[in-house]
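Structure, as structure tokens:
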Amino acid sequence: MSVLSSQKTSVHSGRFGSSRLFTRLNRQKYLLLMLCPAFLLTAVLCYLPLVGWWLAFTDYHVGDSLFGGDFVGLRQFSRLLFESSDLGYLIRNTLVINGLTIVINITVALVLSVLLRELLWKPGAKFVQTILFFPYFISWVIMYSIVWALFAVNSGAINQLLVSLGVIEKGFNILGSAKYSWGLMIVLNLFKHTGYNCIIFLATISGIPQEQYESASLDGAGRFAKIWYITLPNLIPTASILLIMNSGWIFSNNLEQFFVFTNATNWETMEVLDMYIYKFGLQQLDYPYATAVGILKTLVSIIVLVVVNKTVKKLSDTSVF
Amino acid sequence: MKHKVNDTLGRVLACALTVVLAASLSACSKGEADPGGDSGTDDGVYTVQVLVPAGAAYPTKSSETEVGKYILDTFGVDFEYIQYAGDMREKQSLMLASNDYGEMQQMQRQDIVKSYINAGKLIELDPYLEDMPEFTARFVKNIPYWRLNSDDGKLYNWELEIPSESLDICDLLVRSDLLEEANWELPLTTDEWIDFLREAKENHPTTESGQATVGMTMPGAESYGVQGILPILYEKGDTYLPISNDSYTFNVKTRKFEDYFKNPEVKESFQFFNRLYREGLLDEECFTDTNDRTIEKAQQGVPLSIWYVSFDSAQINEGLVSNGLSDLQYVQVPIQSTSQVAAGQKRMLREEVSRPYASWGLTDKCKQPEKLLEIIEWASSDEGQIMMRSGFEGEHYTVEDGKRVPTDALLKAGTDSVAFMKETGVCVSSTASILAGLPIFQTRAADGQFHGLLYEPVYKDEATLTDRQKEVYQNLGWESSQAWWEQNGTLVSAGAASSVSIDPTSDLGKTAAKMVEVRTKWSARMVLAESEQEFEQVYSDAMAEYDKLDHQSVIDELNRLYSEIPEELR
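In order, the protein sequences belong to chains U and A.
Last residue of the first sequence? That's 1312 in the working numbering, and every number before it is there in order.
Last residue of the second sequence? That's 985 in the working numbering, and every number before it is there in order.
Listed below in structure tokens is the structure:
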């Protein structure tokens, strides 16, 4: 092909490329239209507020305009990293609770979904799946009330039962003792999110070609062999994706959950980064400091997300991006 | 043809879905009532939206009450109450930060008042004082303290619930059946109360319904719980004035601010609760109980005593009566530390000239400040205050020989004040009035009687106490429910001490906040120590962490600010 014709071809390719893009967009215009509200919502509620990060670099006072405070540089960050002794136990609590929650939630959901799939009585499996999903809709305030009704030291139903049976002398102070905090939060997270995670795994299982199971049967594979060699390998990519996505949230917590459960007796093991941000930002009106903590948390979360994504990609060829 | 119809249908559905999604987004964002105020004038009525704490007493609009109707007919103003169930201080700050505050705004404590003033959001009231002789005369002693909130000495806010000639006491509630069993011998010191409760718990290990009783409880989960009322034994003596739940107390003898956590009487308070815990008398749920939960337990007779929250006694006793447990009704009794009694200390009764917690102001969003100030002027007068406190002549009181005499309707309201207030707008008790923002105080009118008739000694106990409570006080040998405090108390004016505060956003302000945080965090650990040695160790560890903060600079700054206040105001 001559240079001239190749140049003509490249010009035509450019024009052809942009018109191809336009054609594709035009063909999918209704889908894009449906996407607009979600896109706008994300842009307005998630990205536009990032302008407020400016507060972390200023000496903002409540009542000032957003850009009204004097510029102070990295003073708030230095205050958090070098002057405050709080970071240690906050990061410890956040990582322990979230890390264990992620691992246990994914593992339990994976096992449960495999077991549900193996249940021969399908209506029963559906019933169990529905029941497992209900806690997802219970708010943390209701959850606290349930835990209180069951485990209040003197009046909790389970504590009262155990004391009356002579199993224990005094009720477990689950809500008012630092030693139970981590276990309590992990168990409650498991209770609340198992059904939701199961659904994701069950959807993946339903997408596994039946021919694989039939071939395995023909080869004489038993039930456990099918689970080990077919079901689990097909679930690993989904588990990996869940792990990657949840790793980005490892420094974040549901504020509502910790707001109701944190109190004067268990703060050592219950107070997490988001509660700290809430305390300084909204209770003590120290918006610049709280914003700085939030920024650091976000940046570290992004780094963790990228590292986990890369690691998982190397190990299993699965990644989110 | 069919393919084309399907395509068209698909497009129509896609567009319709997009519209629905967009509409639902818009609807979600308008779900909450706007407490920032979108007040308006409708048919000549000036409606003002006011943010108030959530409570059963509040109607939707003030005109639903008799007093509110009078205000509407006379001044053409109706107040619309937007209830808020969360932390009010937080909300007030958020409203300022988002420029979404009301026309008439509550501000709890000086730091928030100063924030609003410094942001230029409050209307200066001085130009209007000429037309407000009642307000100026009524608050002649208080206005100089209110001016201390602003750097320019101008007046931007007013405060409720002052001046007050009535005693506002919060000591200890105890089940009356226990006093009867003890032949009406009343303990006083913390040691005596521990012995009393120990014996009472042995005699009453469970309630009639089988629930385990507890020696003492309190609403520790409330914001004022661990931080405020747990260490407050110091206020039962005559030396330290309770200013706030912050990092300092005020020594009325030396007229100086002192460190809160380092106060020996605060340590005594922690020791008292630790002893209660070690003796198995302290309700371990108290750290996670809200006020509602404490009331719920008390209405079953579970706690043998309740720390501090005497303002709940009417509601608690009402519940006990309806549960058929009338004999268990709680009465308020005094408590002092053993060392306070040994030192012969009287019980301090605080006279407030400033109450920053109940501050209100008109903001720059106020459309008709003159109209609202007219109502405030009226509320400051005898006529307005009598109506707000005693109701309407003929219906709630009659006048005989120049003196107001309460009718049965008003006397009945003494034991059912919340429902009465919701219907009439009349605040007969010391609880905050539902006519939020309007001056409410407790002094004597020109006729020599209290504005609130039920505060007259001859009517007070008659109207507000149940028969059981009257019986208890009679058996204790008291002339009235406040007799002990009247005989053993000493009235101390807080002066300007209540008005001093450090800018919370300054470095010292942040240190002060940290001081409170450290104290609060270590409080529960001290109380839950398993032995005296462990208590001392935990206390020592707490002090070691506390000493890392520059707390003395905070106290020095407070004393410096106090010394700059004119002598006559101190």
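Ideal Cβ placement from N, Cα and C applies to all residues, glycine included.
For the region 1167-1192 of chain U, the beta-carbon criterion of a distance under 8 Å to any beta-carbon of chain A is satisfied by Gly1167. For threonine 905 (chain A), the enclosing beta strand (DSSP E) begins and ends at 904-908. For tyrosine 874 (chain A), the uninterrupted alpha helix (DSSP H) run begins and ends at 872-879, by DSSP. Asn533, Ala534, Lys536: these are the residues of the region 532-561 of chain A whose beta carbon lies less than 7 Å from some beta carbon of chain U, given in chain order. Contact between asparagine 738 (chain A) and glutamine 714 (chain A) holds, with the beta-carbon distance rounding to 6 Å and staying under 8 Å.
Inter-segment contact for the region 486-503 of chain A and the region 534-552 of chain A is absent: fewer than three beta-carbon pairs are separated by less than 8 Å. Inclusion of glycine 1167 (chain U) and threonine 703 (chain A) in the CB contact set at 8 Å is warranted, their separation being smaller than that value.
Scanning chain U for C-beta atoms nearer than 7 Å to the C-beta of glutamate 699 (chain A) yields Val1144, Asn1164, Gly1167, reported in chain order.
For proline 718 (chain A), DSSP records a beta bridge to A:Val629. Along the region 637-662 of chain A, going in chain order, the ones with a CB nearer than 7 Å to a CB of chain U are Val641. Under DSSP, asparagine 666 (chain A) takes part in a beta bridge, and its partners are A:Tyr655, A:Lys671. Scanning A:Gln521, A:Thr604, A:Ala431, A:Ala939 for the CA closest to the CA of serine 754 (chain A) turns up A:Thr604. Here valine 1299 (chain U) is near leucine 1234 (chain U), since their CB atoms are less than 8 Å apart. Taking leucine 787 (chain A) as the centre and dropping the five residues before and after it, the same chain places the C-beta of Val463, Val492, Glu518, Met519, Leu777, Cys781 closer than 8 Å to its C-beta, in chain order. Contact check for aspartate 1265 (chain U) and leucine 1246 (chain U): beta-carbon distance about 5 Å, within the 8 Å limit, so the pair qualifies. The Cβ atoms of valine 589 (chain A) and tyrosine 723 (chain A) lie no closer than 8 Å to each other. Under DSSP, lysine 476 (chain A) forms a beta bridge with A:Glu495.
Using a C-beta cut-off of 8 Å, the region 639-649 of chain A makes contact with the region 922-942 of chain A, since at least three inter-stretch Cβ pairs fall below that distance. For the C-beta of glycine 635 (chain A), the chain U residues within less than 8 Å are, from N- to C-terminus, Asn1254, Ala1255.
When the Cα atoms are used, threonine 926 (chain A) and glutamine 967 (chain A) turn out to be separated by approximately 10 Å.
DSSP places tryptophan 775 (chain A) inside the beta strand (DSSP E), whose first and last residues are 774-777.
Distance from the Cα of histidine 866 (chain A) is smallest, within the candidate group A:Val873, A:Gln857, A:Lys929, for A:Gln857.
In this structure, the CA atom of serine 1206 (chain U) is about 16 Å from the CA atom of asparagine 1225 (chain U).
The C-beta distance from serine 508 (chain A) to isoleucine 527 (chain A) rounds to 6 Å, short enough to fall under 8 Å. For proline 718 (chain A) and alanine 627 (chain A), the gap between their C-alpha atoms comes out near 9 Å.
At a beta-carbon threshold of 7 Å, the residues of chain U lying near lysine 936 (chain A) are Trp1258, ordered along the chain. Restricting attention to A:Val942, A:Phe950, A:Ile609, A:Asn974, the CA atom closest to the CA of serine 914 (chain A) is found in A:Asn974. In the three-state reduction of the DSSP assignment, proline 749 (chain A) falls in the coil class. Under the 10 Å beta carbon count, phenylalanine 1030 (chain U) is surrounded by fewer than 16 other beta carbons and is classified as exposed. Glutamine 751 (chain A) sits away from threonine 654 (chain A), with the two beta carbons spaced by 8 Å or more. In this structure, asparagine 1257 (chain U) sits away from glutamate 700 (chain A), with a CB-CB distance that is not shorter than 8 Å. Per DSSP, the beta bridge partners of lysine 818 (chain A) are A:Glu815. At a cut-off of 4 residues, the continuous stretches assigned as alpha helix (DSSP H) that sit fully inside the region 780-868 of chain A are 784-795, 797-805, 823-828, 832-839. In this structure the region 1173-1186 of chain U does not touch the region 1195-1205 of chain U; the number of beta carbon pairs closer than 8 Å is below three.
If you draw a 10 Å sphere on the C-beta of phenylalanine 687 (chain A), you find 16 or more other C-beta atoms in it, and that means buried. Under the 8 Å criterion on CB atoms, tyrosine 1021 (chain U) is classed as interfacial with respect to chain A.
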